[in-house]
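Protein chains: 2
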Amino acid sequence: MEKNNLISLIKVAKGEKKGSLLIKNCLFLNLFNGEIEETNILIDNEYIAGIGREYNEGERVIDAKNLYALPGFIESHIHIESSLLSLEEFSYYALLSGTTTCICDPHEITNVLGIDGIKYFLKASEHLLVSFYFYFPSCVPATPFEDLPFKITFSNFSYLLKNKRIIGLGEVMNFPGVLSLEKDLINKIYYTQKVNKVIDGHSPLLLGKDLNAYLSSGIYSDHEITNLKEASEKLKKGMYLMIREGSAAKNFLDLKEIIKEGAIDRLIFVSDDIHPEELINFGHLNRILKKAVSNNIPAHFAVRMVSLNPANFFGFKRLGLVAPGYKADINLVNNLKDFKTIYLIKEGKVVVENGKVLDIKKESYKSFLSKKVYHTIKVKRIKEEVLKVLGNKSRLLRVIKIIPNQIITEELLTYPKLEKDWVVSDKERDILKLVVINRHKKEAQIGIGFVNGFNLKEGAIASSVCHDSHHLIACGVDDESIVSAINKIIEEQGGLCITNKKEILGFLPLKIAGLMANLKATEVVNNLNFLLNLAKKLGCQLENPFITLSFLALPVIPELKLTDKGYFSAKNWQFVSLWS
Amino acid sequence: MEKNNLISLIKVAKGEKKGSLLIKNCLFLNLFNGEIEETNILIDNEYIAGIGREYNEGERVIDAKNLYALPGFIESHIHIESSLLSLEEFSYYALLSGTTTCICDPHEITNVLGIDGIKYFLKASEHLLVSFYFYFPSCVPATPFEDLPFKITFSNFSYLLKNKRIIGLGEVMNFPGVLSLEKDLINKIYYTQKVNKVIDGHSPLLLGKDLNAYLSSGIYSDHEITNLKEASEKLKKGMYLMIREGSAAKNFLDLKEIIKEGAIDRLIFVSDDIHPEELINFGHLNRILKKAVSNNIPAHFAVRMVSLNPANFFGFKRLGLVAPGYKADINLVNNLKDFKTIYLIKEGKVVVENGKVLDIKKESYKSFLSKKVYHTIKVKRIKEEVLKVLGNKSRLLRVIKIIPNQIITEELLTYPKLEKDWVVSDKERDILKLVVINRHKKEAQIGIGFVNGFNLKEGAIASSVCHDSHHLIACGVDDESIVSAINKIIEEQGGLCITNKKEILGFLPLKIAGLMANLKATEVVNNLNFLLNLAKKLGCQLENPFITLSFLALPVIPELKLTDKGYFSAKNWQFVSLWS
C-alpha cells in the first residue's frame with residue numbers, strides 16, 4: 153500500500169472522508185466463531201476501511217440485504233492447463249465463482265516451453281482481474297527418460313525467484329530425489345527457503361522416517377493426502393493439509409473427519425485439476441464449499457480454508473479476511489449452502505454483479521512470447537511409411553492394457569496380426585497401433601507400440617496433451633487415420649483430433665502450447681463433448697479416451713508405457729523392446 | 153539453515169546418520185487435537201530431524217519417561233526493565249521457566265539512552281541462550297511534555313529496521329497520533345510495513361470507527377484488552393489478541409471466554425511487565441499456563457498461545473512446534489498442570505537439566521556501550537537550598553493525592569505548612585514534599601510539588617525509575633533526607649533509596665541505565681523486600697511505594713502529576729502552578 157493510500161484509508165475509516173464503495177446491510181460471517189451479523193462495510197479504493205453500522209455513505213452504495221459477505225476465495229494449488237482454457241477464460245469462470253486469487257503450478261506448459269512457459273503465464277496474467285501467482289515447477293522434465301530440448305536446473309531459474317508473483321517452488325513430486333539428496337533439487341529447495349518463499353509438497357502415502365526426512369527439507373504442504381491416517385500424521389508433523397477436490401481426484405469425503413476445530417487453521421481446500429465442463433457448470437472453489445457444508449462442515453470453517461488459511465500459509469498480509477485494512481476482495485453470496493456469487497468485489501472494484509462478470513480485462517497477448525507459445529510443435533508432417541513395423545508371427549508382441557479410469561496399465565503379451573510382414577492394428581482383438589512423436593524435433597522421433605482398451609472399430613484419435621512431456625500421441629485402427637490425425641494437430645499447432653482415413657471427423661484446437669484453447673469455454677466444452685460422442689460412435693467406451701490417451705506416455709507409472717523412444721517398463725525401470 | 157545442515161538433517165531423519173540428541177519415551181502433545189503419544193524425538197544439531205519410535209540412537213540420549221514434550225515458549229511482549237534485572241539474569245529464570253524466545257519492547261531504556269539503549273540491548277543479548285528480539289519503541293519520548301536530550305524520529309531509527317533482531321515497531325500507544333495522522337508516526341508505521349515487519353498495538357478500549365482507523369494503519373495486535381466485548385470486536389476485525397498476565401495487570405480471567413476453538417490460532421499470552429519476585433518464585437510464561445489450565449483451558453490451547461501462534465504472528469518459520477525440520481527448542485515438563493521444566497533444549501543443546509540451568513552464556517559486557525549505560529545520570533549532587541519553596545499561608549497549595557494501587561491521582565487543595573516563609577512537609581497531614589529532577593542536565597532542573605498518601609513519618613524515599621522519562625524522583629518528610637537519597641542515587645548512578653536525614657537506611661543499586669541491577673535476582677529481591685519493609689517501618693502502608701512513586705511523573709495520566717518542569721494537569725492538559 154502506498155503512503156497516501158494509507159493516509160486516505162485512515163481518514164475514511166474515521167469517517168472524515170467519503171469511501172469509494174459502501175456495502176450496506178450485508179450478513180457478515182465471523183470466520184472465528186461462525187456468528188453472523190447484519191452490518192455495513194466501507195471501502196476506500198483497494199482496501200477495506202471499516203465494518204460497522206456507523207458507515208452510511210460512499211461514492212457508490214450496494215444494498216447487499218440478505219447477502220453474505222465473505223473474503224474473495226484463494227486457490228492454493230491448481231494446474232490451469234487441465235482446464236484446456238486460457239488464463240483469461242479461466243479467470244472469467246473463477247470470478248463468477250468468487251475466486252480473487254489463484255496460485256498456479258505451470259508444470260504442463262513448462263514441460264513444453266521451458267522457462268518461456270512460466271514467463272508467458274506471468275505476462276498473460278498480469279492484467280487479469282484474478283490475482284495470479286505461480287509456483288516454479290520443481291520437476292521439469294518430470295523424469296530422466298523424457299526427451300526435451302531443455303532441462304530446467306536451479307542455475308537457470310534462480311533469478312525468477314525474485315519475481316514477486318513467483319511465490320515458491322512447485323510440488324516436489326520427486327520425493328525420492330529429496331530423500332536421496334539429488335544435488336540440483338536440494339539447491340532448488342535450499343534457495344527457495346533462503347528467499348523466504350514456500351515449497352509445495354507432493355508426497356502421496358509418505359509416512360514415518362521418509363516423511364520426517366521430506367519435512368526436514370522444509371516442505372510443509374501436501375495436496376496428495378488420501379486417507380485419514382496419513383492426514384493425521386502429516387498434520388501432527390507440521391504440514392498444512394491441502395484437501396483436494398479436483399475433477400479427477402476427489403479426497404474431501406475421505407478426509408472430512410480431519411476438519412476439526414483445533415486444527416482448522418492448518419487446512420486448505422484446493423482443486424489441483426479441473427476440467428472445463430465442471431468449471432463452467434459447477435464452479436471453482438464454491439463447488440467445494442457447497443459439498444463441504446452439505447457434509448456438515450461449518451460454513452465458517454469451509455470459508456477459512458479458501459481464504460485466511462491460504463493467506464497465512466503463503467504469508468500474504470492483509471488478505472483473506474473481511475477486516476479493516478485488508479484488501480477489499482469481497483465475495484457477496486446468496487447463502488451459505490450454494491455459495492453463489494451475486495457480487496464480487498476485487499480490490500474495491502465491482503467485477504461481478506448479479507451473477508454477471510462486468511469486466512475481466514484482457515490477457516496481454518502482445519507478449520513477445522505469444523509467437524513462441526503458438527508454435528510449439530516443431531515436427532514436420534509425417535507419412536504412413538514411418539509408422540510401419542516389421543513383424544514375425546512367431547514372436548510375442550508387447551501390448552499396453554488399459555485399466556479403465558486408472559493411469560496405471562498392465563503389460564499384455566500376444567501374437568501380432570500381420571499384413572505381408574507388417575504388424576497392423578487388429579480391431580477384432582482390440583489391439584491398436586499407438587504412436588508417440590517428439591514434438592520438438594523436425595525429423596520425427598517416433599515410438600511405436602500397441603494398446604488394448606480403446607475398442608475403436610474405425611479411425612484414430614490423437615492429442616497434443618500427453619503427460620508430462622506433451623509429445624504427440626495417437627492410436628487408431630489404420631495408419632492412414634493415425635497420420636491424418638497427427639498431421640492435423642501439427643498443422644493446427646495443437647489439439648485433440650478424431651479422424652477416419654483422410655477425413656477429419658472432429659477437432660478441438662489447442663493453440664496455446666498445444667495444451668490450451670484460445671476459445672470461449674463454452675466452445676471448448678461443446679467441441680469436447682462432440683469429440684467424446686464421436687469416439688463412442690467409433691466404438692470407444694472409455695469415459696474420456698483423450699485423458700486415458702494423455703497418460704499412456706508417462707513412463708514412471710507402472711506397468712508399461714510408450715515414449716518417443718519406445719516402450720518403457722516401470723516394472724524393470726528401463727526401456728523395453730516391442731517384442732518380448 | 154545452512155545447506156550442509158539441511159543435508160545432514162535429511163540424512164539423520166532417514167536414519168542414515170546418527171543424530172546429536174535423542175529424547176526417548178517422552179509424551180508428545182499434539183497441539184492440534186490435544187492427543188498425547190509416547191514417542192521419541194531425534195535431533196540433529198539445531199533442528200528436529202524426526203518424531204517416532206523408529207529412532208533409537210543418538211550421540212546423547214535423554215530418557216524423558218513421563219515428561220511432556222512441548223515447544224520452547226515464546227514471549228511476545230515484555231518490558232524486561234520492569235524486572236529490574238539484567239538481560240542475562242532475566243534469561244536465567246526465563247530458561248528455568250521453559251522460555252526460549254523473547255520479544256522485548258525496550259521502551260524504558262530507550263527513554264533514558266535513546267537509540268543507544270536499543271543498541272545496548274541488542275549487543276548485551278546477542279550471546280544469551282534465550283533468543284532475544286526487540287521491537288523498536290514507537291513512542292519516545294512518551295509525551296511532548298517530557299524533557300529528554302534526544303527525540304527519536306523515524307529518520308534516525310529507520311536504518312535499525314534492517315537488523316534481523318528488530319522484528320517491528322513497538323506498541324503504538326499514541327493511537328490519537330495514528331488517528332490524527334501525525335507525520336512522523338505514520339512514517340514509522342508505513343516503513344515498518346514496507347520492510348514486512350510487524351507493528352505492535354496498544355489501544356485500550358478502542359472500538360468502532362476509531363478502532364477501524366487504527367487497524368487500517370496495519371496494526372494487528374493488542375495486549376491492552378480488558379473486557380470480552382472489546383476482545384470480540386478486536387478478534388472479529390482481524391487483531392491477534394495478546395492476553396496479558398503481568399505482575400501489575402492481569403487480564404486472563406476477564407478474557408478466558410474468548411479462548412474458543414474457532415479462534416485459537418489468533419490468541420497469544422504475554423507478560424508485558426513482570427516483577428523480579430514473581431519471576432523467580434512463580435516463573436515466566438509457565439506461570440500463565442498453570443493458571444490457564446487450572447481455569448479449564450485445554451493444555452494444547454494454552455501451549456499454542458505461547459509457541460505456534462506467536463511464531464505465526466511474527467512470521468518465524470520453523471519455530472513454535474515440535475515437528476521435523478523445526479528448531480529444536482523443546483521444553484520437557486513434569487506435567488500439564490504445573491508445567492515445571494525438567495529439561496530445556498535450546499537449538500538442540502540441553503540448557504536446563506533436572507530443573508537446573510547448565511549454561512546461560514554471558515552478556516557481551518565488552519559492549520562499547522557499557523560505559524554509557526552505566527553513566528546515565530548527568531546531574532550534579534544537589535544541596536538543600538535548591539529544594540526550598542517560598543509560601544504564603546493564605547494561598548492554597550496544589551497536592552497530588554495518591555489512589556492506592558492505581559496510577560491515576562487526584563488533585564487536593566490545602567493550605568501549606570510553613571516554617572518561616574518556607575513551605576515544608578507536614579507529616580501530621582501526610583503532605584510530603586515531592587521532587588523530580590532531570591537526570592540529563594548537569595545543572596539540576598527541578599520540579600517541586602507535594603504529595604498525599606505515602607504517610608512517611610520520617611525520612612525519604614527516592615528512585616531513578618520514573619515513568620516514562622525516568623528522571624529522579626523522591627519524596628520525604630524533610631529536605632535533608634530527600635537530598636541524601638537523591639545524592640546517593642546520583643553517586644551510584646541509579647537505584648532505589650530510603651534515607652533518614654544523612655543516613656542511608658537502604659539502597660538497591662540499579663546501575664544499568666538507572667533501571668536495572670547488575671546483581672543476582674535473589675539479591676535484587678532480598679534488597680527490594682528489605683526496602684519495602686523499611687518503608688513500612690517509616691509509616692508507609694502502600695503495597696509498593698517505589699512503583700507508586702515511579703508513576704507520579706507520568707504527565708498524561710489524570711489528574712495531577714509532577715515533572716521536572718513542575719506540575720502538569722492532564723485535566724487541563726497543561727502545566728499548572730504549585731499554587732491554586
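Each protein sequence line maps, in turn, to chains A and Z. Heads up, the working numbering is the position in the first sequence plus 152, with the first residue counted as 1. Heads up, the working numbering is the position in the second sequence plus 152, with the first residue counted as 1. Just so it is clear, CB atoms sit at the ideal spot from N, CA and C, and this is done for glycine as well. Small disclaimer: the values here were computed from a predicted structure and weren't measured.
(1) In the segment 252 to 268 of chain A, which residues sit with their C-beta less than 7 Å from some C-beta in chain Z, listed in chain order?
(2) Nearest chain A C-beta to Arg-418 (chain Z) closer than 8 Å, yes or no?
(3) To the nearest angstrom, report how far apart Tyr-285 (chain Z) and Ile-255 (chain Z) are at their CA atoms.
(4) Look up Ala-276 (chain A) in the DSSP assignment and say whether it is helix, strand or coil.
(5) Quick check on Tyr-285 (chain Z) - is its C-beta less than 8 Å from some C-beta in chain A?
(6) Secondary structure at Ile-131 (chain Z), three-state DSSP: helix, strand or coil?
(7) Kindly list the residues whose CB is nearer than 6 Å to the CB of Glu-241 (chain A), restricted to its own chain and excluding five residues on each side of it in sequence; keep chain order.
(8) For Ile-341 (chain A) and Ile-351 (chain A), what's the separation of their Cα atoms in angstroms?
(9) Of the residues that make up the segment 271 to 285 of chain A, which ones have a beta carbon closer than 7 Å to any beta carbon in chain Z?
(10) I need the straight-line Cα distance from Ser-160 (chain Z) to Gly-329 (chain Z), nearest angstrom please.
(11) Kindly list the residues whose CB is nearer than 7 Å to the CB of Leu-358 (chain Z), restricted to its own chain and excluding five residues on each side of it in sequence; keep chain order.
(12) Do three or more CB pairs link the segment 626 to 643 of chain Z to the segment 712 to 725 of chain Z at distances below 8 Å?
(13) For Ala-362 (chain Z), go through chain A and note every residue whose CB falls closer than 8 Å to its CB, in chain order.
(14) Under 8 Å between C-beta atoms, does Ala-365 (chain Z) make it to chain A?
(15) Roughly how many whole angstroms lie between the Cα atoms of Ile-203 (chain Z) and Pro-289 (chain A)?
(16) Between Lys-361 (chain A) and Lys-166 (chain Z), how many whole angstroms is the CB-CB distance? I'm expecting something under 8 Å.
(17) Taking Cβ positions only, does Ala-463 (chain A) come closer than 8 Å to chain Z?
(18) If contacts are defined as beta-carbon pairs under 8 Å, then Lys-443 (chain Z) and Phe-468 (chain Z) qualify, I think. What distance do you get, rounded to the angstrom?
(19) Pop quiz: Leu-473 (chain A) and Leu-460 (chain A) are said to be a contact at Cβ under 8 Å. What is the actual Cβ separation, rounded to whole angstroms?
(20) Can you list the residues of chain Z that Glu-413 (chain A) reaches, using a CB-CB cut of under 7 Å?
(21) Ala-480 (chain Z) and Ile-497 (chain Z): beta carbons closer than 8 Å?
(22) So what's His-452 (chain Z) in DSSP terms, helix, strand or just coil?
(23) By how many angstroms is the C-alpha of Ala-475 (chain A) removed from the C-alpha of Lys-640 (chain Z)?
(24) Alpha carbon to alpha carbon, how far is Pro-707 (chain A) from Asn-724 (chain A)? Give it in angstroms, no decimals.
(25) Counting Cβ pairs, one atom from each stretch, are 3 or more of them under 8 Å apart for the segment 656 to 668 of chain Z and the segment 606 to 625 of chain Z?
(26) Compute the beta-carbon to beta-carbon distance between Thr-262 (chain A) and Ser-283 (chain A), rounded to the nearest angstrom, for a pair I have assumed lies under 8 Å.
(27) Between the Cα of Ser-373 (chain Z) and those of Z:Leu-419, Z:Asp-336, Z:Glu-154 and Z:Glu-409, spot the shortest distance and give me the residue it belongs to.
(28) List the residues of chain Z whose Cβ lies closer than 7 Å to the Cβ of Ala-201 (chain A), in chain order.
(29) I'd like to confirm the pairing. Which residues does DSSP put opposite Gln-726 (chain A) in its beta bridges?
(30) Going along the segment 156 to 185 of chain A in order, which residues come within less than 7 Å of chain Z, judged by CB to CB distance?
(31) My understanding is that Leu-694 (chain Z) touches Cys-627 (chain Z), with C-beta atoms under 8 Å, so please give their C-beta distance in whole angstroms.
(32) Whose C-beta lies closer than 8 Å to the C-beta of Asn-447 (chain Z) among residues of the same chain, with five residues either side of it excluded?
(33) Helix, strand or coil for Lys-569 (chain A) per DSSP?
(34) By a C-beta neighbour count over all protein chains shown, 10 Å radius and 16 as the cutoff for buried, is Asp-620 (chain A) buried or exposed?
(35) So, does the CB of Lys-389 (chain A) fall closer than 8 Å to a CB anywhere in chain Z?
(36) Return the first residue and the last residue of the alpha helix (DSSP H) that Ser-238 (chain Z) is part of.
Walking through what the data contain:
(1) none
(2) yes
(3) 5 Å
(4) helix
(5) Not one chain A Cβ lies under 8 Å of Tyr-285 (chain Z).
(6) The question about residue 131 (chain Z) has no answer, for chain Z in this structure spans 153 to 732.
(7) Ala-673
(8) 7 Å
(9) Contact residues of the segment 271 to 285 of chain A toward chain Z are absent (C-beta to C-beta distance below 7 Å).
(10) 51 Å
(11) Phe-327 and Tyr-366
(12) no
(13) The sequence shown places Asp at residue 362 (chain Z), not Ala. Here the neighbours are Lys-166.
(14) yes
(15) 29 Å
(16) Going by Cβ atoms, the distance from Lys-361 (chain A) to Lys-166 (chain Z) rounds to 6 Å, so yes, they are a contact pair.
(17) no
(18) Contact flag wrong, Cβ pair sits at about 25 Å.
(19) 5 Å
(20) Glu-413 and Gly-414
(21) yes
(22) helix
(23) 54 Å
(24) For Asn-724 (chain A) and Pro-707 (chain A), the distance between alpha carbons rounds to 11 Å.
(25) yes
(26) Actually they are not in contact, since the Cβ atoms of Thr-262 (chain A) and Ser-283 (chain A) sit about 20 Å apart, beyond 8 Å.
(27) Z:Leu-419
(28) Asn-364 and Ser-368
(29) A:Ser-721
(30) Leu-158, Ile-159, Leu-161, Ile-162, Ala-165, Lys-166, Gly-167, Asn-182, Phe-184 and Asn-185
(31) So it is not a contact: roughly 11 Å between Cβ atoms.
(32) Phe-404, Leu-405 and Lys-408
(33) In the three-state reduction of the DSSP assignment, Lys-569 (chain A) falls in the strand class.
(34) Per the 10 Å Cβ criterion, buried.
(35) yes
(36) Here Ser-238 (chain Z) belongs to no alpha helix (DSSP H), and DSSP marks it neither H nor E.
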